[in-house]
Amino acid sequence: MSVPVPLDPPRRLVELEVDGRPVRVPEGSTILEACRSEGIETPTLCFLDTLTPVNVCRVCVVEVEGSRVLAPACSRRVEPGMKVRTDSDRVRTSRRMVLELLASSVDLSLASPDVGRWMRDYGAEPERYGPPAPAAEAGERDARRAGHHEEPVDGLAATVAQPVKVDNELYVRDYSRCILCYKCVEACGVEAQNTFAIAVAGRGFDARISTEFAVPLTESACVYCGNCIGVCPTGALMFKSEHDLRRQGNWDESRQRVVETICPYCGVGCHVELHVQDDEIVKVTSPLDHDITSGHLCIKGRFGYQFTQRRAPVGASPDPGGPPEHAG
Amino acid sequence: MVGLATVFGAGGGTSSYEEVENTDLVILWGSNARETHPIFFHHLLKGVRNGARLYVVDPRRTTSAQWADVWLGLDVGSDIALANAVAREIIHAGLHNTTFIDRATVGFEEYAASVERWTLEQGERVTGVPAEAIRDLAHAYARADRAILCWTLGITEHHNAVDNVLALINLGLLTGHVGRYGSGLSPLRGQNNVQGGGDMGAIPNKLPGFQDVVTDEDARRRFEAAWDCEIPDRYGWHVSAMFDAMERGELRALYVIGENPARSEADGGRATRLLQGLDCLIVQDIFLTQTGELADVVLPAAAAGAESEGTVTNSERRVQRVRRALDPPGNARDDIWILAQLARRLGRDWGEVTPRDAWDELRSLSPMHRGMSYERLEAMGGIQWPCPDEADPGTKFLHARLWEEDPERRGRPAPVSVVEFEPPVEELTPEFPIRLTTGRRLDAYNTGVQTELYASPLRRREALCLSPEDAERLGVSDGEVVRIASRRASLEAPVRIDRTLRPGLAFLSLHQPDEVQTNLLTIDATDPKSGTAEFKATAIRVERLAQVPVGGR
Amino acid sequence: MDLHPIDAEPTAGEREAVDLVLGPPESGWRGGEWRPEVDGHVAFGGRAERERRHLLLPALQALQERAGWITRGGLGYVCRRLAVPPAEAYGVASFYGLLSTEPRPPRVAHVCDDLACRTAGALELAAELERLVGPEGATESGSAWLRSPCLGRCERAPAALFEQSGADSYQWSVAPVTAEQVRAILAGEPWEGPAPSDGAPQTEDLGARAGLRLLRRVGLVDPGSLDDYRANGGYAALRRAVELGPEGVIREVKDSGLLGRGGAAFPTGVKWEAVARQPVRPHYVVCNADESEPGTFKDRVILENDPFSVVEALTIAGFATGAERGFVYLRGEYPLAHRRLVRAIEAAGARGFLGEDVMGEGFRFDIEVRRGAGAYIAGEETALFNSIEGRRPEPRNKPPFPVTHGLFGKPTGINNVETLVNVLEILRIGGPAFAGIGTPESTGTRLFCVSGCVQRPGVYEVECGTRLRDLLGLAGGVRAGHELRAILLGGAAGAFVGPDALDLELSFEMARSAGVTLGSGVVMVFDETVDLGDVVLRIARFFRDESCGQCVPCRVGTVRQEEALHRLAAGREIGSREQELRLLSEIAQVMRDASICGLGQTAASAVQSALQRFQLFDGRSS
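Respectively, the protein sequence lines represent chains A, B and C.
For the first sequence, our numbering begins at 1 and goes up steadily by one.
For the second sequence, our numbering begins at 329 and goes up steadily by one.
For the third sequence, our numbering begins at 882 and goes up steadily by one.
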């Protein structure tokens, strides 16, 4: 007794040229999608399939014939007859420079391994901007005034380095790693959670992700859904569990397996991925490509698993204040 | 589940989450989905961003209500009055869908007559909601091209739960907002597998697949043949009826799997007394719960979400695979293993039963699950029932048949039910002047046995939420400990001043029974049809203690 | 939306200031009087609330003016009134230079130290202020002075903008200003202001005045009098527009060959036609009066002296494009222009030149004024839309273009002040006649902002194609006894030329072929007394300060550009001078090619042109 379900109306195909090759993709596709359909790798940082492109990192730029400037592949829609070049000198220079400028100002050491590979492929040399300036004091970057900055001194290169923010038991925020891709703001905001605990504040190089008046998360609107962490590409936002394991030197992805199951709480039925290391859940994510969650969870789904490993042995009362009990 | 099953024959929400993104209007009635179903609320917000209007009906101005174009803050338990007033307004404005009513429903005339006295003014008098807002809701819902009506425990945790649900279903039938993409009636299930439990026959009147144990004799025979046993041709007891049977001494032994009735039942004092009086209490759970503490035998079980294999069904009828990520601790065992061992000791050797064996047996007996092989469930990320064969993609929304022109295909018409408003069992009196209602908070779940084990930065000490006006009248300040008394019990709890409450309305959660055992206060007046207790409406009195305030956090 | 409230209350004054902008609170839920019997049972909000987001910036400005800064209680109240999340509102407030999210004293002086003012002693003025008042930003005295980018008073440099917060808040600028005057004003002492001037020297000379088209009423009419405006030809163009009908107006504008004067030189008629043809409704028209390009002040001269012309021209734009609502986005540093424009709009509305039935001709049009708050980027058209919408003024990617997806995502015609005022002239003399003025490709006249080391700085109106030499001649040439060294054309986003360029014809086509831009009409003259290296460093600082920070090439590129220039200036090159120049040129390339908007795309152009044209930072010059 299945019934017809409205499907997306069929889309027309658009023909364009990418690096001299003819490509046909559905109308409304982006250049990035066209490149992917041809197997052309395009570096991306601020792009994520589940979020509306904000096209701010500019590492995906391509050359579109007839266009004065380069175009972001992630958000520019294809047009019939468009001629796109993804590997011209102009494109390579811009991509190299974007990677170089970022790497000279942000700690990219926990970004995906792709980033390191792109840096090598494009020949990025972040060192040539000079030695990095000392890290800012805690809170100093949060207080910078729009439109005013200190003059550069001693040939040092400004960076966003600053102390890690740890103000609760579930998240840490290490903005020395923040490339301002806006993904966390989007995920906290209109694209998923709609809590708006964080936004971009300040401007220019002093722009930063912030709560209102830079209050700690515990005084903000944050509901600890962890969706910002789920989308962060550089490890600037991290579960405290992972942060602590990393600090102890015990984080080891090669020893981890991922099991997909269903969240045990409310009746929505969110798909969760349990990351298990040494028979312990160390992180919970959700698949981006499942339409119930699109990668997003709530606080219970994200952190509520801890009962499985803090469960007291049967026969004793549960003791929430005591040390974690491990299985086995 | 009972209400939908009565009207449509199947106890499941009619719509998919996706449809909420693509509808024109959503009503959340007695649901604080923002906190209780956060990821469903994501879909709803996509709908709002796509232009859908949102109406929220709730005594409290919850975080969900704050998103609404209109919040209708009715008095606790006046849902039927509001629904009937909405219905009368729709009918009087000529906005009811006569084509749908003629074709797909029965009982409209009687229904229309029964709501006639529910003028907007009468609605306002009984519910407290301004007539203009009731009118606005009626017109918006009836005029919307597509509309989805969702509800949760705010509707069902009442002594007249099924009538409440029927009153809402009536509105869907009146306007034809059911059986089409983007139009539907969706109860959001409070627990991860409530829907699955119903699907599997863990309700007193149905075999797996919503096959009636009494009226569907064929089904019963099939199960008897498959299980090689005789199935009683009468309905069983729901939980509240069980407690009544304990009270009468008819029920002497109880086997509790994954429930904590000593804390979760209304009038917890009575529940504990009755559990203690049993000849035999067996508790199977992942924790030694307060109920387990009373048990003769405790069977430690594996946790469903992470330590065992199987399936669950969600609020959009999607059957989903659950997988094992961890070994259960100590001697804890999988539920199926425990049941099989029990069966063996009771004289039936089922051998090694795997979750998949159990599932395949179900598929052979429940037509609506037949097409859901494990392979398909995994490949498709879950399948929505009904799915009668392996070529079927599953069903996004139910009851499209009601729109068929051919009466044959249209099938049994849906009855529009006459439902009469009845106030909550406990009246407010000068002695108990405040209405206590209960609910959940975002970071916690049920009686908190699982959620208290993670360090939620949102968690605060459980407190009685009171309106600023009541707090002022009582002379209590935020954080001050007060005595709360109902007709059954009294206990102490700190106060939290909460602007989302109006004078005369108070709120407690059930999440931290070790701090505040809310269910000692609640009334166990239950709905005769569903067995749900009236957790949402208790009459209380709040008294000041002669003590210094303590911190609220 | 389920807002997390800020745990602080507004003062009565803050509440009053916000309510003046937003109206009284609609319910107890929005900060009004709590009525349990109503508010306890019903609340309205949702879409209706979210649609008032465009009042966020005006509400924040009201707070700033009342309390001197955006307090937590004040921000919290605005958020509750408009259902804006506090983090977003803070993100908006902390973007703008004229808003402060930290305590600021009630009286503040913004002292310009930008390019033109530097040629008039701004640095010496600042040094003296440090001596007289204390260091920049110090608040001990109950007042403070801050360095500011260009205040748009370059013809009377050096300039300062004063803000007095409180119940009787007021902003005013003083130019030229001395350190002693700044001190006196900050101390609340009486002071003598400079004599008023309209900023357009041609208007003082009867002979020159006859040839003026855009400035024809400047200095002649009372800017506060609608009748005076009408007595001098005002509203004849709107009358003519109504006769022609929307298509007729667009045809005239197309025939005139008018190109946009904001810098991009797009044909105005084509733009209007594209908006008019969009089936999506509503349409909007926006007047971009956020001229913040250092060295630009022409729009200010029109707005201060002939505000009705802008009102009339925007009304015509609305009529032609089918818009019933228009916005003027005026830069926050122009308090006098703001007062005069608001008064003009009120007067026009009172006399039926705006409103439900404009001139009794059956069409509706209204204008709202929005003030900027100290952000150069807000002059970029899509950033400007975001600013009006109550969001951070970050530019949007184009395409889509404003003609299809503009203000509030709807088809929008956006033009700057000078472009719009040209339309009055087109309708006065007809499109074909207008096309006969100037050069075939650059029709009409243009306003140039001549400043720096010239005898008579000011706004000059000349026919397109006039030679640079002749324009400088109108301004009396280089200061007596000095010699021309360099001219900055087009502002900070433009390019430097040398004395060899004096024969350049000031038209779009000749500028393009010479590899320069006329931009917003800046012609800033530097003689041999000016340290060009210092000017280049100031430009680099400007772009670093004004980058919105959204895209990587501009956010980091402007920093690295400034750092490299400082290394050159200090003689601490990494590697060689050539290496640094190569680095600068690669930074320039990625900013030009890969930035989202015009700011990043031009953030290196003046710097690069200076490095190429003059031997800077080599120890020999300056």
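The beta-carbon is built from N, C-alpha and C at its ideal position, and this holds for glycine as well.
Min CB distance residue i to chain B below 8 Å
i                  : result
Gly1287 of chain C : no
Arg928 of chain C  : yes
Val919 of chain C  : yes
Proximity below 8 Å, CB of residue i to CB of residue j
i                  : j                  : result
Asn412 of chain B  : Ala495 of chain B  : yes
Ile1183 of chain C : Val1304 of chain C : no
Ala1395 of chain C : Ala1382 of chain C : yes
Ala594 of chain B  : Ile851 of chain B  : yes
Met82 of chain A   : Leu32 of chain A   : no
Ser981 of chain C  : Glu1172 of chain C : no
Thr641 of chain B  : Gln523 of chain B  : yes
His486 of chain B  : Ala865 of chain B  : yes
Ser858 of chain B  : Ala573 of chain B  : no
Pro1075 of chain C : Pro1104 of chain C : no
Asp386 of chain B  : Ala393 of chain B  : yes
Residue from the options with nearest C-alpha to residue i
i                  : options                                    : result
Glu1017 of chain C : C:Val992, C:Asp1180, C:Ser1401             : C:Val992
Met1405 of chain C : C:Cys1334, C:Ser1173, C:Gly1456, C:Asp1351 : C:Cys1334
Glu280 of chain A  : A:Ile262, A:Ile292, A:Arg255               : A:Arg255
Ala1256 of chain C : C:Phe1246, C:Glu1275, C:Ser1190            : C:Glu1275
Ala997 of chain C  : C:Phe1178, C:Leu1349, C:Thr952             : C:Phe1178
Thr1398 of chain C : C:Val1014, C:Gly1339, C:Thr1483, C:Pro917  : C:Thr1483
Leu1125 of chain C : C:Ile1197, C:Pro1292, C:Arg1064            : C:Ile1197
Arg1494 of chain C : C:Ala1376, C:Pro1292, C:Leu1042            : C:Ala1376
Backbone CA spacing between residue i and residue j [nearest angstrom]
i                  : j                  : result
Gly322 of chain A  : Arg947 of chain C  : For Gly322 of chain A, the predicted model reports a pLDDT of 35, less than 50, meaning its position is unreliable and no value from the coordinates is stated.
Phe925 of chain C  : Thr351 of chain B  : 20 Å
Pro1148 of chain C : Val1298 of chain C : 15 Å
Thr543 of chain B  : Arg740 of chain B  : 16 Å
Ala361 of chain B  : Gly767 of chain B  : 11 Å
Cys222 of chain A  : Leu674 of chain B  : 53 Å
Ser643 of chain B  : Arg824 of chain B  : 33 Å
Ala861 of chain C  : Gly1371 of chain C : The structure shown does not extend to residue 861 of chain C, since chain C spans only 882 to 1503, so no value can be given for it.
Glu969 of chain C  : Ser975 of chain C  : 10 Å
Val1343 of chain C : Pro967 of chain C  : 49 Å
Gly339 of chain B  : Ile559 of chain B  : 22 Å
Val84 of chain A   : Arg90 of chain A   : 12 Å
8 Å Cβ cutoff, residue i in contact with chain A
i                  : result
Ile419 of chain B  : no
Val1433 of chain C : yes
His370 of chain B  : yes
Beta carbon proximity, residue i to chain C, threshold 8 Å
i                 : result
Asp114 of chain A : no
Leu51 of chain A  : no
Val823 of chain B : no
Arg740 of chain B : no
Gln394 of chain B : yes
Val69 of chain A  : yes
| query | Per the contact definition of three or more C-beta pairs closer than 8 Å, is the segment 580–588 of chain B in contact with the segment 604–623 of chain B? | reply | yes
| How about the segment 337–350 of chain B and the segment 505–519 of chain B: do they share at least three Cβ pairs that are nearer than 8 Å? | yes
| Does the segment 947–963 of chain C come close enough to the segment 429–441 of chain B to have 3 or more Cβ pairs within less than 8 Å? | no
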